[in-house]
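With the working numbering applied, the sequence shown covers 4 to 407.
For glycine and all other residues, C-beta sits at the position ideal for the given N, C-alpha and C.
Keep in mind it's a predicted model, so treat the numbers as computed, not measured.
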Amino acid sequence: MVRQSILKGLLILYGIYVVMTGKETGMKEEMSEDYCSVEEFEGLDYYLFCDTQIHKDAANFESRPSIIGSETKNIEEAGKLYQEFRKRLPLGQDGKDEEGEESNVIYVSPDCKWVITNKWSGHKSISTQELFYEKEKVKEKVSEAGQGVEQILIVKDGDNYKEMEEEHYARLSEAVWIGFYDGGYGNLKKINTDGKLFIEITDDFHLLSIKKACDDTTLWNFSLEGMQEDVRKRRDDIQEDEIMVGICQFEGNEDTGWLAVQAGPSSFFRIAYPSGNVTYIGEYMYSLCFSPDGKYAAYSDVDYDNRVGMDSEERANTPPQGIYILEMETGKTAYIYWPYEDPAQDFMEYRNFMWIEKEAFEEYMQEKVSDNETGYLSRQTYLRTQEKIETSTDGHSFAGAERI
């Protein structure tokens with residue numbers, strides 16, 4: 004602990020040095036000595052997709068997706084792996100439109116069959132989402148940000164995945180706000196993986212309820228007061244009467260499951276239901292996301308506000324800036340450094356993690372980019388795709404990508 008505190012102190016001094024001199028040193032590698040590399044996780048059967056939104060001001064943001072594998076050495080390699088993944092989608096010339104706006108991946112299903120991209124245009128006022136099944140485009144949805152961006156959602160169905168039906172989406176939208184902020188998923192984490200249940204937090208963040216999406220029936224209630232009191236004991240600097248609670252992940256069905264939650268500014272817990280057992284996970288584990296088998300947890304050092312409002316003492320206690328993967332059984336933590344574009348400015352960041360099955364991802368990547376290496380499908384594949392879309396019987400399903 005002493006050594007780690009010293010390292011964190013060095014991080015602050017290093018940040019000051021960079022701001023004052025504009026120079027970087029090898030210190031960022033030295034500060035990661037308390038962590039291991041991803042390749043040291045021998046049983047890691049996943050790739051980790053990381054969607055990062057960087058905000059320079061209220062109207063200026065950009066997406067920096069990356070994909071981390073067992074052999075990833077740094078964030079630059081993770082960015083290149085994402086670009087290779089993206090090239091295998093039929094996104095047109097460089098995936099950009101006439102305004103230079105770029106389509107970026109915002110969702111990948113764990114089996115790597117379903118991919119959703121989003122492109123902002125009209126000065127970030129129009130969202131164009133495209134849905135791909137096994138690299139073929141099957142749906143497009145355009146909406147204006149001012150009227151609320153409508154999501155394309157993929158949900159679990161048994162051992163497979165499918166697109167959420169429009170009727171189900173509409174019904175769920177009445178019960179819980181479904182939307183994303185700048186391409187991220189935000190409150191979608193209040194929905195379980197099959198989309199049949201959702202979380203509602205009421206009574207000034209004192210009560211958490213699990214409800215059925217079909218009719219709002221309450222299945223389980225949980226008082227948050229005990230967990231909030233735990234946060235007060237861990238954080239003696241909390242003055243507010245209310246301790247806010249946010250959902251990081253919701254896994255389970257009507258009978259049993261668990262939730263990963265953030266309580267207060269930096270405390271993270273896991274709540275099992277119906278037992279109500281609460282497990283403290285740790286501090287400063289923002290965007291927390293467990294792998295499907297529960298063996299690993301990915302998280303970021305920054306929350307949405309990117310440390311805005313932290314005093315110097317708290318900054319010194321936060322982890323080095325970057326992405327982390329925790330092996331739950333051993334406690335080993337892999338760390339990938341994420342450099343700020345301009346260390347003198349505190350960018351606001353939003354991160355969203357998704358786990359992709361290793362075998363499925365590598366099979367996806369084995370196929371060549373496209374017939375002409377520009378991202379276009381062949382003429383034959385394009386016509387086949389159009390036929391599937393046009394022969395849709397209900398506007399939501401399509402031939403070739405079965406209702407699973």
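**Request:** List the whole-angstrom C-beta distance separating Tyr283 from Gly255, where the pair is believed to meet the contact cut-off of C-beta under 8 Å.
**Result:** Not a contact, Cβ separation roughly 20 Å.
**Neighbourhood of Ser176 by C-beta, 7 Å cutoff - its chain only, sequence neighbours within 5 removed** = none
**Prompt:** Hey, how far is the Cα of Val41 from the Cα of Gly249?
**Reply:** 28 Å
**Prompt:** Under 8 Å between the Cβ atoms of Glu137 and Lys122?
**Reply:** no
**Rounded distance between the beta-carbons of Ile359 and Cys53, thought under 8 Å** = That pair is no contact at about 11 Å.
**Message:** I need the straight-line Cα distance from Gly334 to Cys39, nearest angstrom please.
**Reply:** Straight-line Cα distance between these residues: approximately 11 Å.
**Request:** Tell me, to the nearest whole angstrom, how far the beta carbon of Lys199 is from that of Lys214; I am working on the premise that it is less than 8 Å.
**Result:** 10 Å between Cβ atoms; not a contact.
**Asked** Where Ile57 and Ile78 are concerned, what is the direct C-alpha to C-alpha distance, given to the nearest angstrom?
**Response** 15 Å
**Closest Cα partner of Phe356 within the set Glu45, Pro68, Asp37 and Phe44** = Pro68
**Prompt:** By DSSP, does Gly82 sit in helix, in strand, or in coil?
**Reply:** helix
**Request:** Alpha carbon to alpha carbon, how far is Asn195 from Ser226? Give it in angstroms, no decimals.
**Result:** 20 Å
**Message:** Let's see if you can read the secondary structure: which residues bound the beta strand (DSSP E) around Asn121?
**Reply:** Here the beta strand (DSSP E) through Asn121 covers Trp117 to Ser124.
**Request:** Any chance you could list the alpha helix (DSSP H) runs of at least 4 consecutive residues sitting entirely within the region 214-299, in chain order?
**Result:** With a minimum length of 4 residues, the continuous alpha helix (DSSP H) runs that stay inside the region 214-299 are 228-237.
**Message:** Which residue marks the beginning of the alpha helix (DSSP H) containing Asn320, and which one marks its end?
**Reply:** Ser315 to Asn320
**Message:** Along the chain, where does the beta strand (DSSP E) containing Leu134 start, and where does it finish?
**Reply:** If you look at Leu134, you'll find it in the beta strand (DSSP E) that goes Ile129 to Tyr136.
**Message:** By DSSP's criteria, Asn107 is part of a beta bridge. Which residues make up the other side?
**Reply:** Asn121
**Message:** I need the boundaries of the beta strand (DSSP E) containing Leu329, first residue and last residue.
**Reply:** Gly325 to Glu330
**Request:** Classify Lys361 as helix, strand or coil using the three-state DSSP reduction.
**Result:** The answer is helix: DSSP assigns Lys361 an H, G or I state.
**Item:** Distance cut-off 7 Å: Arg91 Cβ against heavy atoms of the ligand ATP
**Value:** In the structure shown, the ligand ATP is absent, as is every other ligand, since no ligand is present at all.
**Request:** For Asp296, count neighbouring Cβ atoms within 10 angstroms of its own Cβ and tell me buried if that reaches 16, exposed if not.
**Result:** exposed
**Outcome for Ser128 when other beta-carbon atoms lying within 10 angstroms are tallied against a minimum of 16** = exposed
**Prompt:** Apart from the five residues just before and just after Pro322, which ones in its own chain have a Cβ nearer than 7 Å to its Cβ?
**Reply:** Beyond the five residues adjoining it in sequence on each side, Pro322 comes within less than 7 Å, by CB distance, of Tyr287 and Asp304 in the same chain, given in chain order.
**Message:** Does Lys142 come out as helix, strand or coil in the three-state DSSP assignment?
**Reply:** strand
**Request:** Sort out for me which residues DSSP pairs Glu65 with in a bridge.
**Result:** Ile57
**Prompt:** Who are the Cβ neighbours of Lys361 in its own chain at under 7 Å, not counting the five residues just before and after it?
**Reply:** Asp48, Tyr49 and Tyr50
**Item:** Cβ-based neighbour list, Gly285, same chain, cut-off 7 Å, excluding 5 preceding and 5 following
**Value:** Phe271
**Request:** For Glu147, write down the residues that DSSP places opposite it in a beta bridge.
**Result:** Paired residues: Ile129.
**Message:** Taking DSSP's pairing of strands, which residues face Glu203 in a bridge?
**Reply:** Ser212
**Item:** Local conformation of Arg91 per DSSP, three classes
**Value:** coil
**Item:** C-alpha distance - Thr221 paired with Phe135, whole-angstrom precision
**Value:** 35 Å
**Request:** Apply the 10 Å Cβ neighbour rule to Asn107 and answer buried if 16 or more other Cβ atoms are within range, or exposed otherwise.
**Result:** With 16 or more other CB atoms across the displayed protein chains lying within 10 angstroms of its CB, Asn107 is buried.
**Prompt:** What do you get for Arg318, buried or exposed, if any count of 16 or more other CB atoms within 10 angstroms of its CB means buried?
**Reply:** exposed
**Message:** For the alpha helix (DSSP H) containing Tyr3, name the first residue and the last one.
**Reply:** Lying outside 4 to 407, the shown extent of the chain, residue 3 is not represented and no answer is given.
**Message:** Please state the DSSP three-state secondary structure of Glu43.
**Reply:** Looking at Glu43 - three-state DSSP - the assignment turns out to be helix.
**Request:** Give the range of the beta strand (DSSP E) segment to which Ile339 is assigned.
**Result:** Thr336 to Tyr340
**Request:** Go to Ile157, then tell me how far its beta strand (DSSP E) extends in each direction, as first and last residue.
**Result:** Taken as a continuous stretch (DSSP letters only), the beta strand (DSSP E) holding Ile157 covers Ile157 to Asp160.
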